[in-house]
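Residue numbers (our numbering): 10 to 402. This report concerns only the one structure given below.
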Ligand code: LCS
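Okay, here's the thing in structure tokens:
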């Protein structure tokens, strides 16, 4: 069932499923930290790699492996590495490719901590960085140095919803002989497959669309080829940021309805973005499905749909945005995204609060920007909730 000849929905349901001797329909939770060897020689063979038997859950586990195979299949990648969180997926990638004197060119509007950990932690170990606007290829080319070891982007970006050209960035990276890493969290493989567009490594916060039910924190790294996977896997296992079998089971269960959930939320997001754009109290709306989006054409080319994430600003800026957020009733005032519930939050004081005011503005994160993650509730109910909250602004 891992064959690419099946459609996305079929693979989403069946890819990676582990066949056990009892004929379990879904991969059971192998809630064990360690595995018995048949003999001392068998144990040695497992460690040397001659036998692919399981050893210890930090190194591998059937429940986790099933999820890794499923996501790698959907991303058109070679293999996946499941991690404890999206942040641990990102830091594993940084650790595998960067070190003293190495340099990263990255997008200036990425998930706040993905930039914060670079500027505050990796900097202490001598890693250098350039945060530029990766939607502008000239800025990327100018930032490249002989020591540049990776180009990193998030598209659509959190929280500005800017779209970077994956194909063009891959060309720049490959000319320099380095990998392009794409955080595909905002799309999920249902709407965008960066490896098909030339990216080398994809990272995910599976806390979002892939799990989809706001009840698990989890991450994934998918490599396009063996050489990257072989660099990344030992970093993850040695750092110990592995997934837990129960976490893998829940995420895999969520994955099976990914396309249905994204389709439904996206249908609502299109209606809601149009509603917001036509509202007299709204200053601007950023949504890849609106013609007003600066990369509307690029989004149509590289994404299979505009997604479910909307950013907007009210005419009264921050004060008006706060009144809106304080008055929603159905929509939850909470960070995160990609779950069945609609969530609204204020990036400048929440997810991106650790960035300086200047860096926020450079990245397009204005004080009044409100980020809206659409869930699968009825679109009319979400719009009615916005309507009553906007009336109070
Ligand atoms: N990448 C992106 C694009 C994200 O949005 C997040 C989390 C991460 C990576 C990190 O993943 P985690 O470790 O949380 O699984 N984004 C969040 C957000 O926008 N609000 O709360 C978390």
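All C-beta atoms in this analysis are idealised placements derived from N, C-alpha and C, irrespective of residue type, glycine included. Predicted model only: the values in this text are computed from it and were never measured.
Measuring CA to CA, which of 179, 184, 346 and 185 is closest to residue 191?
Stepping through the chain shown from its first residue, residue 191 is reached at position 182. In terms of Cα proximity to residue 191, the closest of 179, 184, 346 and 185 is 179.
So, is residue 76 buried or exposed, given that buried needs 16 or more other C-beta atoms within 10 angstroms?
The residue you call residue 76 lines up with position 67 of the chain shown. Residue 76 comes out buried.
At which residues does the alpha helix (DSSP H) containing residue 101 begin and terminate?
Locating residue 101 in the chain shown gives position 92, counting from the first residue. Residues 95 to 106.
By Cβ distance, which residues of its chain are closer than 7 angstroms to residue 288, with the 5 residues on each side in sequence left out?
One-based indexing of the chain shown puts residue 288 at position 279. Once the five neighbours on either side are set aside, the close Cβ partners of residue 288 are 399.
In the DSSP assignment, what are the bridge partners of residue 354?
Numbered from 1 along the chain shown, position 345 holds the residue referred to as residue 354. DSSP lists 380 as partners of residue 354.
In whole angstroms, what separates the C-alpha of residue 70 from that of residue 39?
Translated into the one-based positions of the chain shown, residue 70 becomes position 61. Translated into the one-based positions of the chain shown, residue 39 becomes position 30. Spanning the two alpha carbons is a distance of roughly 7 angstroms.
Quick one: residues in its chain with C-beta nearer than 7 angstroms to the C-beta of residue 252, no 5 flanking neighbours on either side, listed in chain order?
Along the chain shown, read from residue 1 onward, the residue named residue 252 stands at position 243. Around residue 252: 73, 91, 92, 93 and 227.
Given this structure, state the Cα-to-Cα distance separating residue 313 from residue 307, to the nearest angstrom.
Position 304 of the chain shown holds residue 313. Position 298 of the chain shown holds residue 307. Each residue's Cα considered, the two are about 11 angstroms apart.
Residues near residue 329 in its chain [Cβ-Cβ closer than 8 angstroms; skip 5 each side]:
For the purposes of this step, residue 329 is taken as the residue at position 320 of the chain shown. Closer than 8 angstroms at Cβ, skipping near neighbours: 290, 323, 377 and 402.
Could you check whether the Cβ of residue 167 sits closer than 7 angstroms to any heavy atom belonging to ligand 1?
What you label residue 167 is simply residue 158 of the chain shown in a count that begins at 1. Within the cutoff, so yes.
Would you say residue 95 touches ligand 1, meaning its beta carbon is less than 7 angstroms from a heavy atom?
Stepping through the chain shown from its first residue, residue 95 is reached at position 86. At a cut-off of 7 angstroms, the beta-carbon of residue 95 counts as near ligand 1: some heavy atom of the ligand is closer than that.
Could you tell me how far apart the beta carbons of residue 136 and residue 143 are, in whole angstroms, since I believe they sit closer than 8 angstroms?
Locating residue 136 in the chain shown gives position 127, counting from the first residue. Locating residue 143 in the chain shown gives position 134, counting from the first residue. Contact annotation, residue 136 with residue 143: C-beta distance approximately 18 angstroms; criterion of less than 8 angstroms not satisfied.
Whole-angstrom distance between residue 27 and residue 33, CA atom to CA atom:
Counting from one through the chain shown, the residue named residue 33 turns up at place 24. Counting from one through the chain shown, the residue named residue 27 turns up at place 18. Looking at the two C-alpha atoms, the distance is approximately 8 angstroms.
Three or more C-beta pairs closer than 8 angstroms, one from the region 244 to 260 and one from the region 208 to 226: is that the case here?
In short, these stretches touch, since the Cβ pair count reaches three.
Could you tell me if residue 31 is buried or exposed, where buried requires 16 or more neighbouring beta carbons within 10 angstroms of its beta carbon?
Taking the first residue of the chain shown as position 1, residue 31 is located at position 22. In summary, residue 31 is exposed, with fewer than 16 beta-carbon neighbours lying within 10 Å of its beta-carbon over all protein chains present.
How many angstroms separate the CA atom of residue 80 from the CA atom of residue 325?
Within the chain shown, residue 80 is the residue found at index 71, counting from 1. Within the chain shown, residue 325 is the residue found at index 316, counting from 1. Answer to the nearest angstrom: the Cα atoms are 42 angstroms apart.
Count the C-beta pairs between the region 223 to 240 and the region 272 to 284 that are closer than 8 angstroms, then say yes if the count reaches three, no if not.
Result no; under three Cβ-Cβ pairs closer than 8 angstroms.
Any heavy atom of ligand 1 closer than 7 angstroms to the CB of residue 115?
Here the question's residue 115 lines up with position 106 in the chain shown. Result no, Cβ not under 7 angstroms from ligand 1.
Under 8 angstroms between the Cβ atoms of residue 138 and residue 115?
Here residue 138 refers to the residue found at position 129 when the chain shown is read from its first residue. Here residue 115 refers to the residue found at position 106 when the chain shown is read from its first residue. Yes, the Cβ-Cβ distance between residue 138 and residue 115 is below 8 angstroms.
So, is residue 224 buried or exposed, given that buried needs 16 or more other C-beta atoms within 10 angstroms?
What you label residue 224 is simply residue 215 of the chain shown in a count that begins at 1. Burial call: exposed.
Mind checking whether residue 343 and residue 354 have CB atoms under 8 angstroms apart?
On the chain shown, position 334 is the one that residue 343 refers to. On the chain shown, position 345 is the one that residue 354 refers to. Cβ atoms of residue 343 and residue 354: closer than 8 angstroms.
Using the rule of at least 16 other Cβ atoms within 10 Å of the residue's Cβ for burial, across every protein chain shown, is residue 366 buried or exposed?
For this step, residue 366 is matched to residue 357 along the chain shown. The residue is exposed, with fewer than 16 neighbouring Cβ atoms inside 10 Å.
Is the beta carbon of residue 276 within less than 7 angstroms of some heavy atom of ligand 3?
Among the ligands present in this structure, namely ligand 1, ligand 3 is not found.
Is residue 364 near ligand 1 - that is, is its Cβ less than 7 angstroms away from at least one heavy atom of it?
What you label residue 364 is simply residue 355 of the chain shown in a count that begins at 1. No.
If we ignore side chains and look at the alpha-carbon of each, how far apart do residue 56 and residue 50 end up?
In the chain shown, the residue the question calls residue 56 occupies position 47. In the chain shown, the residue the question calls residue 50 occupies position 41. If you take the alpha carbons of residue 56 and residue 50, they lie about 10 angstroms apart.
Rounded C-alpha distance that separates residue 394 from residue 319:
Residue numbering aside, residue 394 sits at position 385 when the chain shown is read from its first letter. Residue numbering aside, residue 319 sits at position 310 when the chain shown is read from its first letter. Rounded to the nearest angstrom, the two C-alpha atoms are 16 angstroms apart.
Just the C-alpha distance for residue 347 and residue 61, rounded to the nearest angstrom, thanks.
Taking the chain shown and counting its residues from 1, the one referred to as residue 347 is at position 338. Taking the chain shown and counting its residues from 1, the one referred to as residue 61 is at position 52. Taking the straight line joining both Cα atoms gives about 35 angstroms.
So what's residue 91 in DSSP terms, helix, strand or just coil?
Here the question's residue 91 lines up with position 82 in the chain shown. DSSP places residue 91 in strand when its eight states are reduced to three.
Do the region 102 to 117 and the region 145 to 163 meet, that is, are 3 or more Cβ pairs less than 8 angstroms apart?
Verdict: yes, contact present.
Do you know offhand how far residue 108's Cα is from residue 134's?
Position 99 of the chain shown, counted from the first residue, corresponds to residue 108. Position 125 of the chain shown, counted from the first residue, corresponds to residue 134. Approximately 7 angstroms, taken between the alpha carbons.
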